[in-house]
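Undergrad: Supplied in structure tokens, the structure appears directly below.
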Amino acid sequence: MPQVSVVTSVYNGEEYLEECVDSILNQTFQNFEYIILNNGSTDGTARILQRYTDPRLRIIHQENLG
């Protein structure tokens, strides 16, 4: 079981999303889970997230909740 959970909420964040995700996944500490909540983005956010296959990563797509 991971010792740390990292959570990122994103809405239309394609401009900075890769930099954000990569910075978390490239940490020297490895015992964590990374949860990304895509809050109904209408830009390329979902497409970018589909490229990641790291087993520590859990991506949740939901409708925009405001």
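Quick note on this note's numbering: the sequence shown kicks off at 1415 and runs consecutively.
Even glycine gets a Cβ: it sits at the ideal position worked out from N, Cα and C.
Note that this is a predicted model, so its numbers are computed, not measured.
(1) Measure the C-alpha to C-alpha separation of Ser1455 and Leu1479 and round it to an integer number of angstroms.
(2) Please give me, in chain order, every unbroken run of the beta strand (DSSP E) with length at least 3 that falls completely inside the segment 1439-1476.
(3) Between the Cα of Phe1446 and the Cα atoms of Glu1429, Tyr1425, Ser1437, Ser1419, which residue gives the shortest distance?
(4) Cutting at 8 Å between CB atoms, please list the residues of its own chain near Thr1422, excluding the five before and the five after it.
TA: In terms of the structure at hand:
(1) Here the alpha carbons of Leu1479 and Ser1455 stand approximately 11 Å from one another.
(2) 1446-1453, 1471-1476
(3) Distances from the CA of Phe1446 to each of Glu1429, Tyr1425, Ser1437, Ser1419 were compared; the closest alpha carbon is that of Ser1419.
(4) Cys1434, Val1435, Ile1438, Tyr1448, Ile1449, Ile1450, Leu1451
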